[in-house]
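Have a look at the structure below before the remarks.
Protein chains in written order, with the working numbering: chain F, 769 to 1101; chain W, 3 to 330.
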């Protein structure tokens, strides 16, 4: 079991990480622009006179700071060495703040926002999907399906803008933007937490409204195949209570792909939710990535990518590791 | 005494797509009686309505299947009821598994793949009986022992068992509550011939031990010959011949029955077997007159326009064919 199942998956995990992190290293180096020259020309265009030896010295310092010193291979080795110590280099635009510090500031916001919306939409979508299939003649279930299917195709940014206009502008019950109000003391106190929830409400709601549809559809489609399975028909023929059939026969089997989907989406959390965070000016990873791309801060872009890669592949690994608990058939394959 | 009475049962699959409805007349006016303690066989090719008939008489009717007409009456020792008029879903559930039970086709997925076998037994027993865990274990181990199964199967998942083993467990599950009537729906399909024999013998053994009524649905005429007391032959949603197994096998009256029997191998006869030519008709639009006439070797003018009814020939043998009415 250990040898046949866990070891290959661990090897796969580290291989994926290695390839992903290598790509993060290679891709910026294929760009035609050079950040050191970029920085130098920016300084010189400000009209400062610098003699060539000073420029040379500065180039050296910048190369060292940016990790661009030496041949590509040396840089590569150096890059991994720094990764292991958790050093992602300084941000170029907010020099000399380390990228790690910027990410550490943004990460909790994004994780809070996305984890909340993911969990809520997953639970609601999965349960509703299962109910829709288990009670095909229920009018309420059909009405809910109609609603969900109607909302799903609306472009995401429109939903968030509409929510913003309705509940922050026309009827200002929720704040327009930001993660918390100015002047509220950050800390573990009731006032701050309430303020936090008020600010997070609209962004979370906007994501939940759209995401429920996907979970609902996936659950409905999987479950509607399972209702036809022989074991469900046989359970009916054996006179089992309806609740038992719905939960332990239909839902229990249909939920396996749902859990995979959930875990994979946890991995995507670390990349941030670009549009939500921009629309609601939420101080998360998506917002950070957006500004990094605009300003060509590619140490920061790389840093965020490293987090995404580690996040997604770790989530995949966890799914793989817990899968035998969910589906006993996987163990012997 | 008849434990099951089916009268003029009509079960159709009705589907509506884009405002057009299509009807598959899977069971079309079927009447028969099954006596207490007998083994009643239902034979016929695939697509003759055998499985639909089983669904209808065990009350497992779900859209698109609809019962348009007829009644299905059960005469148990203490009560008499019509399962189709039972409006209360809970009452129907109480009946299923406990008084009438189903042995399904021996397919891969009759047992829930994510639950251990023990859980399957727990589900069935706790759904019908109010017993303690100790009583549960006693009940199951006694039953498993009687069926020649080992208690260790209780800890396994279905995918860890062979097809034959799974089918034995399903049979154990279906019979653990000593039902009055057992419906076996092609219990030997998907099993190899050696295992088939074991499964048939197991069903027979349980039946003799528990003294219940067994309805055996299969296309396999050799199983009917070995197991059943009486036999009904279905064709295109109708019963075309019914009688005790002895008389049907020795002197089949309906050309379709003859066809089925001719395809069986016989000891000492080395000539090539003739398979029944053609295939059952579409039940969306069955042929006019006798439904068998397009394939019948003895077809007459009358068969194309009139449809024959089941007529008694004495000693319980019934047949729906004009040949038997002296129409030749």
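We treat Cβ as the ideally placed atom computed from N, Cα and C, and that holds for glycine.
In this text, all values refer to a predicted model and were calculated from it rather than measured experimentally.
Residue-level contact to chain F via CB, residue i, 8 Å cutoff
i                      : result
residue 129 of chain W : yes
residue 60 of chain W  : yes
residue 26 of chain W  : no
residue 318 of chain W : no
residue 96 of chain W  : yes
residue 99 of chain W  : yes
residue 214 of chain W : no
residue 111 of chain W : yes
residue 104 of chain W : yes
Residue i (DSSP reduced to helix, strand or coil)
i                       : result
residue 922 of chain F  : coil
residue 956 of chain F  : coil
residue 971 of chain F  : helix
residue 178 of chain W  : coil
residue 1041 of chain F : coil
residue 24 of chain W   : strand
residue 313 of chain W  : strand
residue 987 of chain F  : helix
residue 858 of chain F  : strand
residue 240 of chain W  : strand
residue 32 of chain W   : strand
residue 329 of chain W  : Only weak support exists for where residue 329 of chain W lies, its pLDDT of 44 falling under 50; the value from the coordinates is given anyway. Here residue 329 of chain W sits in coil by DSSP.
residue 84 of chain W   : strand
residue 37 of chain W   : strand
residue 95 of chain W   : helix
residue 320 of chain W  : strand
residue 153 of chain W  : helix
beta-carbon residue i near the ligand NAD non-hydrogen atom, thresh 7 Å
i                      : result
residue 959 of chain F : Only the bare structure without any ligand can be found here, which leaves the ligand NAD out of the picture.
Neighbourhood of residue i by C-beta, 7 Å cutoff - its chain only, sequence neighbours within 5 removed
i                       : result
residue 161 of chain W  : 115
residue 844 of chain F  : 793
residue 907 of chain F  : none
residue 992 of chain F  : 901
residue 1095 of chain F : 1024
residue 153 of chain W  : 143, 146
residue 290 of chain W  : 306, 307
residue 1101 of chain F : A caution first: residue 1101 of chain F carries a pLDDT of 47, below 50, which makes its placement in the model unreliable, though a value can still be read off. Nothing listed; no residue qualifies.
residue 984 of chain F  : 893, 896, 897, 916
Endpoints, alpha helix (DSSP H) assigned at residue i
i                      : result
residue 75 of chain W  : Taken as a continuous stretch (DSSP letters only), residue 75 of chain W belongs to no alpha helix (DSSP H), being part of the beta strand (DSSP E) at 67–77.
residue 847 of chain F : 840–852
residue 250 of chain W : 247–252
residue 191 of chain W : Taken as a continuous stretch (DSSP letters only), residue 191 of chain W belongs to no alpha helix (DSSP H), as it is neither H nor E.
residue 218 of chain W : Looking at the DSSP string, residue 218 of chain W is not in any alpha helix (DSSP H); the run it does join, the beta strand (DSSP E), is 215–219.
residue 812 of chain F : 803–813
residue 880 of chain F : 867–902
residue 229 of chain W : 223–229
residue 818 of chain F : Element bounds for residue 818 of chain F: n/a, residue is neither H nor E.
Chain A within 8 Å of residue i, Cβ atoms only
i                       : result
residue 1097 of chain F : The displayed structure is made up of protein chains F and W, and chain A is not among them.
Start-to-end residues for the beta strand (DSSP E) that takes in residue i
i                      : result
residue 10 of chain W  : 4–19
residue 237 of chain W : 232–237
residue 187 of chain W : 183–187
residue 45 of chain W  : 41–45
residue 105 of chain W : 102–105
Cβ neighbours of residue i in the same chain (closer than 6 Å, five flanking residues each side left out)
i                       : result
residue 3 of chain W    : 38
residue 1045 of chain F : 1052, 1054, 1055
residue 72 of chain W   : 9, 10, 11, 12
residue 925 of chain F  : 1043
residue 209 of chain W  : 216
residue 1104 of chain F : Past the edges of chain F, shown from 769 to 1101, lies residue 1104 of chain F, and the structure says nothing about it.
is_contact[residue i, chain W] using C-beta, thresh 8 Å
i                      : result
residue 771 of chain F : no
residue 987 of chain F : no
residue 996 of chain F : no
Beta-carbon proximity list for residue i, same chain, < 8 Å, skipping 5 on both sides
i                      : result
residue 180 of chain W : 212, 214
residue 954 of chain F : 948, 960
residue 70 of chain W  : 12, 13, 14
residue 57 of chain W  : 13, 63, 67
residue 173 of chain W : 105, 149, 189, 201, 204, 205, 208
ask   = Touch check for the segment 40–47 of chain W and the segment 203–221 of chain W: three-plus C-beta pairs under 8 Å?
value = Pairwise C-beta distances place the segment 40–47 of chain W in contact with the segment 203–221 of chain W, as three or more of them are shorter than 8 Å.
inquiry  = For the segment 153–160 of chain W against the segment 116–126 of chain W, do three or more pairs of beta-carbon atoms, one drawn from each stretch, fall closer than 8 Å, so that the two count as touching?
reply    = Taking a cut-off of 8 Å for Cβ pairs, the segment 153–160 of chain W and the segment 116–126 of chain W touch, as three or more such pairs fall below it.
ask   = Is the number of C-beta pairs between the segment 77–94 of chain W and the segment 248–259 of chain W that are closer than 8 Å three or more?
value = No, they do not touch.
message = Below 8 Å, how does it come out for the segment 15–23 of chain W and the segment 226–233 of chain W: are there three or more Cβ pairs, yes or no?
response = Counting C-beta pairs closer than 8 Å gives fewer than three between the segment 15–23 of chain W and the segment 226–233 of chain W, which falls short of the contact rule.
ask   = Taking three-plus beta-carbon pairs below 8 Å as touching, is the segment 125–143 of chain W in contact with the segment 1006–1020 of chain F?
value = Touching, per the Cβ criterion.
At least 3 beta-carbon pairs within less than 8 Å: the segment 964–974 of chain F vs the segment 882–889 of chain F = Contact between the segment 964–974 of chain F and the segment 882–889 of chain F is present, because at least three Cβ pairs lie under 8 Å.
ask   = Per the contact definition of three or more C-beta pairs closer than 8 Å, is the segment 1019–1033 of chain F in contact with the segment 100–109 of chain W?
value = Taking 8 Å as the limit for Cβ pairs, the verdict is that the segment 1019–1033 of chain F does not touch the segment 100–109 of chain W.
task = Spell out a yes or no on whether the segment 46–61 of chain W and the segment 265–284 of chain W are touching, meaning 3 or more CB-CB pairs, one atom from each, closer than 8 Å.
result = The answer is yes - the segment 265–284 of chain W touches the segment 46–61 of chain W, with three or more Cβ pairs under 8 Å.
ask   = Three or more C-beta pairs closer than 8 Å, one from the segment 1061–1076 of chain F and one from the segment 859–875 of chain F: is that the case here?
value = Contact between the segment 1061–1076 of chain F and the segment 859–875 of chain F is present, because at least three Cβ pairs lie under 8 Å.
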